[in-house]
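Written below as structure tokens is the structure these notes are about.
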Ligand code: BES
Ligand code: MN
Ligand code: ZN
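In my numbering, the protein residues as written are 4 to 505.
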């Protein structure tokens, strides 16, 4: 959708629909009070009839309010005024978008970004309004033969800023909001595509297409032969059981100063995880098409960097493979040699994410990174620990961990830290190789991160386990686009003046 700023007198705005907030208990927000005044108290008289309480997410569409230049006024419940915060703004905006996209207006003006929120700047509320609107408009229907499109979809949204002026900040809010929304839509699309379409080769093709969008982004794809030359025996052991060849996708974005150390993002791109010989139960196995959501979030974040023309150097690496059972597949007890030279006993072939990631993490060393963040749907245990609200965060660096947590808070795409104490490392002891690929009972998310930590001692590193946050199950099944919000926010924060040395 297209977004423009609108300022001046609210009652004089010529638009098909004005969106105004009403708090719980029919308490008028400032824009609603302005409309009430211009309509000589008509808004209050309507509310007194009792059809609309102002409960969060409630909507009421009004026509022909006197004294207005607009055709319609959409009242949106904002919940208790004292509790109005960014999630409440998101909810109210989503409710408005849901209604308007099915109704008639082709354009609307929202005043919701003006509702005061403690600690949130206009930049933040504008950006959030765009993100929530785009989230509400997102559909995945490319695999349906017939698509029910709204007859007159919402095309343009005005963002009302009252008497404030357009500035660099407001323009940034719009461009950042759109870039983040588009990046997360790309991550959703790749996640939602089925495994028979979204293969490692397909992902590589989409990455190459990104590279054609900007001179600052160079994309390189390594095939199995090149990976073999690099000694990536762990990664290649996973793809051996599949007829789809593995790919190592490398996206090199140079938006920062020449010679400035890059941030490296490594995303698990497992396009279908059947478990291999340690095969998974069939219930909900279809959802293992989402096992490439870490990789998708790296593509989405690179796309956002390109769109914002961000002034930072970022490398995206996506090791991509399928994990299927077959006569060539890894067998429990097999021992493989990683690029680092460390040998790994594959005690469970379903713990494959760490096998493809460890070689990609060794490969990352060559970029002399300022920091490395890997993103992976790595462990079911993370869903047990944190559910679907927070991604799991584990890190070998306090400052970097705080930075990631902070970016999560700022973007509303939160992470929660788990310990990476040495005490857990012995769970990975193997009688036959340097390290086992599973840590046995207990602390599955931590032992998975412990495994990765054996390959990341050359740089500052953080690991995000997104098993619970990358997609939703059930009737709302679909990719969430997380953690593109967190990652983009992290990079945006790194572009500003930096306190730390990392
Ligand atoms: N991709 C899965 C993790 C997963 C499972 C994410 C369910 C989201 C939902 C990963 O490859 C896996 O199978 N992990 C195993 C590890 C175990 C064998 C140590 C798991 O979590 O069961
Ligand atoms: Mn698995
Ligand atoms: Zn997996």
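Even for Gly, the Cβ is constructed at its ideal location relative to N, Cα and C.
Item, Value
"Just the Cα atoms here: how many angstroms apart are residue 588 and residue 469?", "No answer is possible for residue 588: the residues shown for the chain start at 4 and end at 505."
"If residue 423 sits next to residue 452, beta carbons under 8 Å apart, how far is it from one beta carbon to the other, in whole angstroms?", "6 Å"
"Between which two residues does the beta strand (DSSP E) containing residue 26 stretch?", "21-26"
"Please check the pair residue 303 and residue 487, which I expect to be a contact at CB under 8 Å, by giving their CB distance rounded to whole angstroms.", "4 Å"
"Got a sec? Which residues, its chain only, sit under 6 Å from residue 32 by beta carbon, not counting five neighbours each side?", "24 and 118"
"Sort 140, 447, 53 and 338 by Cα distance to residue 238 and report the nearest one.", "338"
"In terms of alpha-carbon separation, which member of 69, 438 and 307 lies closest to residue 134?", "307"
"If you reduce the DSSP assignment to three classes, tell me which class residue 87 lands in.", "coil"
"Residues bridged to residue 221 by DSSP?", "255"
"Which whole-angstrom value describes the C-beta separation of residue 96 and residue 132, a residue pair presumed to lie in contact below a C-beta threshold of 8 Å?", "5 Å"
"Taking the alpha-carbon positions, what's the residue 125 to residue 244 distance?", "52 Å"
"Under 7 Å from any heavy atom of ligand 1, does the C-beta of residue 386 make it?", "yes"
"According to the Cβ coordinates, are residue 325 and residue 370 closer than 8 Å?", "no"
"What are the complete beta strand (DSSP E) segments, minimum 3 residues, inside the segment 72-128?", "75-82 and 110-113"
"Who are the near neighbours of residue 318 in its chain, counting only those whose CB is closer than 6 Å to its CB and skipping five residues on each side?", "255, 265, 267 and 370"
"If you follow the alpha helix (DSSP H) that residue 366 is part of, which residue opens it and which one closes it?", "356-367"
"Do you know offhand how far residue 225's Cα is from residue 207's?", "9 Å"
"Leaving aside the five residues before and after residue 37 along the sequence, list all residues of the same chain whose C-beta is less than 7 Å from its C-beta, in chain order.", "13 and 14"
"Which residues mark the beginning and the end of the alpha helix (DSSP H) in which residue 203 is found?", "203-214"
"Using only CA atoms, which one of 128, 358, 195 and 112 lies nearest to residue 145?", "195"
"I'd like to confirm something about residue 27: is its beta-carbon nearer than 7 Å to some heavy atom of ligand 1, or not?", "no"
"List the DSSP bridge partners of residue 269.", "320 and 377"
"For the segment 151-169 against the segment 70-89, are there 3 or more C-beta pairs whose distance is under 8 Å?", "no"
"When you compare only the Cα positions, how much space is there between residue 186 and residue 311?", "11 Å"
"As a quick check of your reading: which residues have a C-beta less than 5 Å from at least one non-hydrogen atom of ligand 1, in chain order?", "276, 294, 351, 353, 354, 356, 380, 382, 383, 441 and 470"
"Kindly identify the DSSP beta-bridge partner or partners of residue 66.", "75"
"Please work out which residues of its chain come closer than 8 Å, Cβ to Cβ, to residue 505, disregarding the five sequence neighbours upstream and downstream, and give them in chain order.", "Its pLDDT being 45, under 50, residue 505 is placed unreliably by the model, and the measurement read from it follows with that caveat. Around residue 505: 373, 374, 400, 402, 403, 406 and 463."
"Should the segment 210-227 be called in touch with the segment 341-354, which here means at least 3 C-beta pairs below 8 Å?", "no"
"Answer with buried or exposed for residue 503, where buried requires no fewer than 16 other C-beta atoms within 10 angstroms of its C-beta.", "Because residue 503 carries a pLDDT of 48, less than 50, the predicted location of this residue cannot be relied on, and the following value inherits that uncertainty. Exposed: under 16 other Cβ atoms inside 10 Å."
"Along the alpha helix (DSSP H) that carries residue 194, what are the first and last residues, could you check?", "171-195"
"I'd like to confirm the pairing. Which residues does DSSP put opposite residue 275 in its beta bridges?", "325"
"Span of the beta strand (DSSP E) holding residue 387?", "It is not in any beta strand (DSSP E) - residue 387 instead sits in the alpha helix (DSSP H) that spans 383-389."
"Verify the contact flag: residue 326, CB atom, against every heavy atom of ligand 2, threshold strictly below 7 Å.", "yes"
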